[in-house]
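Beneath this line is the structure, given in structure tokens, with notes to follow.
There are 2 protein chains.
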Amino acid sequence: MAAAEPFQRVNRESTAGLITRQLREAIMYGRIAPGAQLSEAALAAQFGVSRGPLREATQRLVQEGLVRAEPNRGLFVKELDDAGIRDLYAARIAVEAAAGRMIIRGRSPEAVAKLRAAYDAMQDAAERGELAELSDADLHFHEVLVDSAGSPRLHRMHQTLMAETRMCLTALQGTYQDPEDQVAEHRRIAEAIAAGDADELVEAVESHMQEALDRLVSDSAAAEAAAST
Amino acid sequence: MAAAEPFQRVNRESTAGLITRQLREAIMYGRIAPGAQLSEAALAAQFGVSRGPLREATQRLVQEGLVRAEPNRGLFVKELDDAGIRDLYAARIAVEAAAGRMIIRGRSPEAVAKLRAAYDAMQDAAERGELAELSDADLHFHEVLVDSAGSPRLHRMHQTLMAETRMCLTALQGTYQDPEDQVAEHRRIAEAIAAGDADELVEAVESHMQEALDRLVSDSAAAEAAAST
DNA sequence: CATCTGCAGATTGTCAACAATCCTGCAAGG
DNA sequence: CCTTGCAGGATTGTTGACAATCTGCAGATG
């Protein structure tokens, strides 16, 4: 009957899904402080729903690792200590390097094109001095990287990691590196993929993460150096 | 006061947690067939709890990816098609190779010892011809591999993947390879880590997964060959 | 005879109330 | 002065019932 799908499929997202998204975003951008307690009753009232769906939403966040649940105590926004940040970036290396390898194996020209477009956007933001936009473009690059691999599982893993990364950046904002370097690091990743050089790719991803890590945990660099000796 | 923690911390698992574990195990070992519908009411009655906690448990499984939820329709045990199996093993390569690299970087002798013990157990089972035990030891080796990396995030990702792997093996049991080869592949992974050879490690993990993949999707090898031409 | 409409059945989604558990502060006893 | 016991308040954990939604079939209609 219908010519060519003039209507998009009605896809009402579940209440729990909506709440999950809103809560996740609030946590990601630091609107809810790390360590803060989440009261079920209060949140349910704010969202205008019962505790049932809200509970479902918070449980999802618990499993994503953004929220910690203490039995009979309450829910608390997870705080990232140095070890947590290190682990986060180690996991990102695992997922993003694997995604890059998959793209190389797939030899997809459009994936390469999308990656180049992503760092072009970064370059653009950098040249205009828009640091917030640059940060968004940065994260977007990594999303494109993993999405282009076409692996549902890697994608799902990465979503959680990106939420935590954003959380991390929000908490410790103010530690910027030279925008040009930032763009160059991403270009190196994209071009390694374009060239099909897996070893160079892994190297590029690892050094990129190390760079970010150095900025994020620099506060306690002294303490860590003491601990490692 | 206490000398050296003579008592382990009392940790009563939540009802939802218990149900989640039981359901996950039932799915993993095929006691609930892939594609089967999970009725909330029926399950709640079986477990002797209300629908609340049960719902919480199923939601966790949905997010782990073992169960698919169709809005207002019901819950269904996820079926793994060839693409899904391929993706599963690609994700395992990502996680396990990364875990191996982390162990190499950490230079932990006890990790190497545990890995050797794990494949010794496989060898033992293989020599006695205990195929079921060998299969368990196989999965155990991979758990040890990821656990030894000491990364909470990799560990969590891997748990889901292992559940799906078990599901996969249960569904397609009967496709065994030569036990000696099976042990040798794991030995190769462990020894690559012991030798600190990251490239050899990645190579070993990839070929191991490819081996498993070839057995699991061999049924439709013809169809796939036709599709790829 | 093919097609559409309306109803029954079953299932999930949501809610408000109840029960159990846990932390806090204070007072009594050694 | 320190430990122990106890109520108060608040929070989560759980329950059973109600409302909304979807599927499949019978019956009506051209």
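Quick mapping for you: the protein sequence lines, in order, are chains A and B.
Heads up, the first sequence is in my numbering, so the first residue is 1 and it goes up one at a time.
Heads up, the second sequence is in my numbering, so the first residue is 1001 and it goes up one at a time.
For each residue, glycine too, the CB sits at the ideal point set by N, CA and C.
Close beta carbons around A:L131, own chain, < 7 Å, minus the five adjacent residues each side
Y176
Original post:
At which residues does the beta strand (DSSP E) containing B:V1077 begin and terminate?
Top reply: 1074-1077
Original post:
Any idea if B:Y1240 is buried or exposed, counting beta-carbon neighbours within 10 angstroms, 16 or more meaning buried?
Top reply: With chain B represented from 1001 up to 1229, any question about residue 1240 of chain B goes unanswered, as that position is not in the structure.
- Query: In its own chain, which residues sit with a C-beta less than 8 Å from the C-beta of A:L91, not counting the 5 before and 5 after it?
  - Reply: Note on residue identity: the sequence assigns Ala, not Leu, to residue 91 of chain A. Cβ within range, chain order: M157, L161.
>> Can you give me the C-alpha to C-alpha distance between B:R1188 and A:Q123, rounded to a whole angstrom?
In response: 44 Å
### Query
Where does A:A33 fall in DSSP's three states?
coil
### Query
By the criterion of Cβ-Cβ separation under 8 Å, what are the contact partners of A:E56 in chain B?
R1055, E1056, Q1059
Nearest-angstrom Cα separation, counted from B:L1023 out to B:F1076: 12 Å
By the three-class DSSP mapping on this structure, what secondary structure does B:L1066 have?
coil
Starting from the Cα of B:A1111, find the closest Cα among B:R1073, B:L1216, B:L1145 and give me that residue.
B:L1145
Going by DSSP in three states, A:L54 sits in which element: helix, strand or coil?
helix
Query raised in the report: Between the C-alpha atoms of B:D1197 and B:E1191, what's the straight-line distance to the nearest angstrom?
Result: 9 Å
Worksheet item: So, are the CB atoms of A:Y89 and A:H186 less than 8 Å apart?
Response: no
For this session: Tell me, please, whether the CB atom of A:I103 is closer than 8 Å to any CB atom in chain B?
Result: no
request  = Could you work out which residues of chain A lie near B:I1085, taking near to mean beta carbons separated by less than 7 Å?
outcome  = Going along chain A, no residue has its Cβ under 7 Å from B:I1085, so there is no contact; the nearest lies around 11 Å.
### Query
Alpha carbon to alpha carbon, how far is B:D1136 from B:F1047?
27 Å
Note to self: What does the Cβ neighbour count give for B:D1138, buried or exposed, with the cut at 16 atoms within 10 Å?
What the structure shows: buried
Contact list for the stretch 1134-1162 of chain B against chain A, Cβ threshold 9 Å: A1149, G1150, S1151, P1152, R1153, L1154, R1156, M1157, T1160, L1161
### Query
Exposed or buried, what is B:D1087 when buried is set at 16 or more other beta-carbons lying within 10 Å of its beta-carbon?
buried
query = If you count every other CB in all the chains shown that lies within 10 Å of the CB of B:P1179, and 16 or more means buried, which is it?
reply = buried
Note to self: Which of the three DSSP states is assigned to A:L80 in this structure?
What the structure shows: coil
**Request:** Note down the Cα distance separating B:D1214 from B:S1207, rounded to an integer number of angstroms.
**Result:** 10 Å
*Find the residues of chain B that neighbour A:G65, judging by a C-beta separation of less than 9 Å, and give them in chain order.*
P1152, R1153, R1156
With a CB to CB cut of under 6 Å and the five nearest residues on each side skipped, what residues in its chain are close to B:E1064? T1160
**Request:** Please work out which residues of its chain come closer than 8 Å, Cβ to Cβ, to B:A1163, disregarding the five sequence neighbours upstream and downstream, and give them in chain order.
**Result:** R1024, I1027, M1028, E1064, L1066
ask   = Looking at the structure shown, is A:L172 part of a helix, part of a strand, or coil, going by DSSP?
value = coil
- Please name the residue in A:L38, A:E200, A:E56, A:Q210 whose C-alpha comes closest to that of A:Q182. A:Q210
Q.
Contact criterion: CB-CB distance below 8 Å. Does B:S1014 meet it with respect to chain A?
A. yes
Could you tell me whether the Cβ of B:P1071 comes closer than 8 Å to any Cβ of chain A?
-> yes
Check your understanding: Can B:A1083 and A:L154 be called in contact, C-beta distance under 8 Å?
Key -> no
Beta-carbon contacts of B:L1038 that lie in its chain and below 6 Å, excluding the five residues immediately before and after | L1075
If you draw a straight line from the C-alpha of A:V62 to the C-alpha of B:R1107, how long is it?
32 Å
How should A:E127 be labelled, buried or exposed, when 16 other C-beta atoms within 10 angstroms of its C-beta is the threshold for buried? exposed
According to DSSP, which residues form a beta bridge with A:L38? A:L75
(message) Would you say B:E1079 lies against chain A (beta-carbon separation less than 8 Å)?
(response) no
- Message: Give me the residue from A:E200, A:K78, A:G100 with the minimum Cα distance to A:A149.
- Response: A:G100
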